[in-house]
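Residue numbers for the sequence shown follow this note's numbering, so the first one is 30 and each next one is one higher. Quick reminder that beta carbons are idealized off the backbone N, C-alpha and C, glycines included. What follows is a set of notes on a single structure, which appears directly below.
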Amino acid sequence: MEEYGMNNNNNNSDGHEMKQHFQRFAKQLSDWYCDGKTPGLASQDTRFTLELQKQKLQSLGLDMQIQFRKPEADNGSTGVLTYGDSVFENFIIGASKHITTKISNSQKEIFSSDAEGGLTIIMQNSKQGGVPSPETAMCCPNCGAPSTLGKLESGCEFCNTKFLMDELYPKVMHFFINEDIKDIFDTKQLKKYIVGFTISFMAIGIVSMLSHSLTGELDNFESMINDAAAILGSVIPGAMFGAGAWFVVNSIRSLMLMGKNARGGSKMMRSLIFCNKMHTLDPTFSIEYFRDKSMSLLKLMLYSQDQQELTICQCSKPIPEKLREIVDITYFNSGVDKYSIRNGICDVALTFYTDSLHYRGGKILRESDRIHMSLRKIIKKPTDLGFSFTAVSCPSCSASFDASKVRKCPFCGNDYPIEENEWVVTDICI
Numbered sequence: 030m031e032e033y034g035m036n037n038n039n040n041n042s043d044g045h046e047m048k049q050h051f052q053r054f055a056k057q058l059s060d061w062y063c064d065g066k067t068p069g070l071a072s073q074d075t076r077f078t079l080e081l082q083k084q085k086l087q088s089l090g091l092d093m094q095i096q097f098r099k100p101e102a103d104n105g106s107t108g109v110l111t112y113g114d115s116v117f118e119n120f121i122i123g124a125s126k127h128i129t130t131k132i133s134n135s136q137k138e139i140f141s142s143d144a145e146g147g148l149t150i151i152m153q154n155s156k157q158g159g160v161p162s163p164e165t166a167m168c169c170p171n172c173g174a175p176s177t178l179g180k181l182e183s184g185c186e187f188c189n190t191k192f193l194m195d196e197l198y199p200k201v202m203h204f205f206i207n208e209d210i211k212d213i214f215d216t217k218q219l220k221k222y223i224v225g226f227t228i229s230f231m232a233i234g235i236v237s238m239l240s241h242s243l244t245g246e247l248d249n250f251e252s253m254i255n256d257a258a259a260i261l262g263s264v265i266p267g268a269m270f271g272a273g274a275w276f277v278v279n280s281i282r283s284l285m286l287m288g289k290n291a292r293g294g295s296k297m298m299r300s301l302i303f304c305n306k307m308h309t310l311d312p313t314f315s316i317e318y319f320r321d322k323s324m325s326l327l328k329l330m331l332y333s334q335d336q337q338e339l340t341i342c343q344c345s346k347p348i349p350e351k352l353r354e355i356v357d358i359t360y361f362n363s364g365v366d367k368y369s370i371r372n373g374i375c376d377v378a379l380t381f382y383t384d385s386l387h388y389r390g391g392k393i394l395r396e397s398d399r400i401h402m403s404l405r406k407i408i409k410k411p412t413d414l415g416f417s418f419t420a421v422s423c424p425s426c427s428a429s430f431d432a433s434k435v436r437k438c439p440f441c442g443n444d445y446p447i448e449e450n451e452w453v454v455t456d457i458c459i
């Protein structure tokens with residue numbers, strides 16, 4: 030981790046401030062999903078992703094609400110790590126949250142989840158002593174118009190609003206939501222198993238006693254006592270079989286969970302080799318940056334109603350229908366399948382391991398998916414950690430515009446070299 034500039038930042042003032050921003054963003058994210066209020070701390074690209082998801086849900090006639098509250102076992106712990114370059118510092122902040130998710134179709138609830146989990150955000154701030162270039166692309170926080178940092182400090186040319194540096198930073202570049210797996214070997218479940226098996230054994234004994242009565246086998250008091258004792262005695266085998274069944278079922282669940290969490294483990298070495306190779310070519314490149322960036326691109330592809338209209342989509346094949354069903358994902362792991370770097374062009378194939386919510390046949394289905402995605406980028410200059418494709422500056426005429434769905438500069442008509450600044454998706458399948 031130290032190779033890529035990772036630092037634990039729990040005990041300094043910046044870390045404390047970032048924790049406060051984390052709690053603010055968690056509240057803002059709840060307000061977005063429940064009330065549609067735009068999260069002020071979100072970067073323009075993050076807002077774009079959220080808006081794409083909302084538009085897709087609305088096109089399907091769905092409404093999704095997510096709320097974040099304090100976890101039941103709140104230890105007050107919020108972890109902070111940092112990585113960055115000479116200008117920007119990126120904070121990885123995560124903490125436990127109680128997450129409530131509800132999805133409705135025509136006012137009818139078709140999916141609900143209420144569980145403990147966690148929220149992790151990647152927050153970017155200007156580094157102390159480092160001043161971002163005035164040409165740094167950025168959207169106006171007030172009207173959303175594409176602009177640059179220098180123009181926003183002087184006054185947005187569309188709404189005339191002026192901003193100070195601390196009003197433009199920090200901003201949340203990426204966020205991840207995950208729900209904890211239900212407890213395995215839960216003692217509450219043990220009681221249910223024991224009670225269930227005991228009742229079953231007692232029922233068998235009662236049926237047997239009634240059968241003996243109907244056939245006249247209970248012709249004396251001693252036979253009745255024996256059958257009654259057998260019914261009461263069923264408590265012991267019920268407890269034994271119940272505990273045994275509970276142990277077997279939870280052992281199987283434990284093995285399944287271990288396998289689920291281990292998905293992608295075999296790709297770890299190849300992923301490290303790829304990231305180390307990229308780091309030698311571009312000192313700004315890091316494992317954390319690439320993980321977050323690739324996950325962000327995956328969300329854009331999944332949440333867009335028409336992936337082909339996105340500038341980052343360079344796919345020659347149609348998007349599989351099963352991918353179009355996905356309305357929300359929980360990220361587990363990802364890894365590099367293969368890569369090549371030739372003539373300054375990097376091609377890399379990835380596999381993402383997720384739990385996804387599919388909308389199929391009027392129902393929301395949770396499925397574990399393996400999503401394959403290929404990316405490409407021209408390697409000419411160091412990675413710009415502050416790059417935003419919703420606010421770019423044309424290299425030909427210096428005009429600012431939104432390149433999320435526009436491949437040519439609307440002012441001079443020249444193609445914008447998106448692959449020199451951003452990874453593009455060349456293939457995606459499931």
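- Spatial neighbours of lysine 85 in its own chain (CB-CB distance under 6 Å, excluding positions within 5 residues in sequence) are listed in chain order as Tyr332, Gln334.
- Linking glutamate 80 to serine 397 through their CA atoms gives a straight-line distance of about 25 Å.
- Sixteen is the threshold: since fewer than 16 other Cβ atoms of the shown chains lie within 10 Å of the Cβ of phenylalanine 440, the residue is exposed.
- Bridge partners of leucine 394 according to DSSP: His387.
- Taking 9 Å as the cut-off, the beta carbon of lysine 200 is found closer than this to the beta carbon of glutamine 153.
- Per DSSP, reduced to three states, the secondary structure at arginine 399 is strand.
- Classified as exposed, asparagine 443 has fewer than 16 neighbouring CB atoms from the shown chains inside 10 Å of its CB.
- In the DSSP assignment, glutamate 101 falls outside any alpha helix (DSSP H), carrying neither H nor E.
- Check the Cα spacing between isoleucine 139 and each of Lys406, Ser162, Gly391: the tightest is with Gly391.
- In the three-state reduction of the DSSP assignment, glycine 273 falls in the helix class.
- Bridge pairing for isoleucine 95: Thr130 [DSSP].
- For serine 155, the uninterrupted beta strand (DSSP E) run begins and ends at 137-155, by DSSP.
- When the alpha-carbon of isoleucine 122 is set against those of Val224, Met167, Tyr112, the nearest one is in Tyr112.
- Annotated as proximal: threonine 383 and phenylalanine 361, with beta-carbon spacing under 9 Å.
- Annotated three-state conformation of threonine 359 is strand, per DSSP.
- The distance from the Cβ of phenylalanine 418 to that of glutamate 451 is about 5 Å, consistent with a contact at the 8 Å cut-off.
- Note: leucine 404 is bridge-paired with Val377, Val454 in the DSSP secondary-structure output.
- Rounded to whole angstroms, the Cβ separation of threonine 78 and serine 325 is 7 Å, and the two are in contact under 8 Å.
- A residue is called buried once 16 or more other Cβ atoms fall within 10 Å of its Cβ, and phenylalanine 276, having fewer, is exposed.
- Using a 10 angstroms sphere on the CB of valine 224, the tally of other CB atoms stays under 16, which defines it as exposed.
- About 5 Å separates the beta carbon of serine 385 from that of isoleucine 355, a gap short enough to meet the 8 Å contact definition.
- Serine 176: member of the beta strand (DSSP E) spanning 175-177, first to last residue.
- Straight through space, the alpha carbons of isoleucine 393 and leucine 89 are spaced by roughly 12 Å.
- Fewer than three Cβ pairs drawn from the segment 62-79 and the segment 363-379 lie within less than 8 Å of each other, which leaves the two stretches out of contact.
- For the set Ile400, Ser323, Val377, Asp376, the Cα lying nearest the Cα of glutamate 350 is the one of Ile400.
- Distance from the CA atom of glutamate 164 to the CA atom of cysteine 458, rounded to whole angstroms, is 37 Å.
- Annotation: alanine 428 to isoleucine 151 spans about 29 Å, alpha carbon to alpha carbon.
- Distance from the Cα of glutamate 196 is smallest, within the candidate group Phe205, Pro170, Gln218, Arg436, for Pro170.
- Annotated three-state conformation of aspartate 64 is helix, per DSSP.
- Between the alpha carbons of leucine 219 and isoleucine 228 lies a gap of roughly 14 Å.
- In the DSSP assignment, asparagine 207 falls outside any alpha helix (DSSP H) and lies within the beta strand (DSSP E) extending over 200-208.
- For serine 142, the closest C-alpha among the options Thr177, Ile132, Thr455, Ala378 is that of Ile132.
- Alanine 144 is positioned such that its CB atom lies closer than 9 Å to that of glutamate 208.
- Your pair aspartate 321 and isoleucine 408 does not check out as a contact, with CB atoms roughly 19 Å apart and the cut at 8 Å.
- Inter-residue distance for alanine 232 and isoleucine 316 is about 60 Å (C-alpha atoms, whole angstroms).
- Rounded to whole angstroms, the gap between the alpha carbons of glutamate 338 and alanine 55 is 31 Å.
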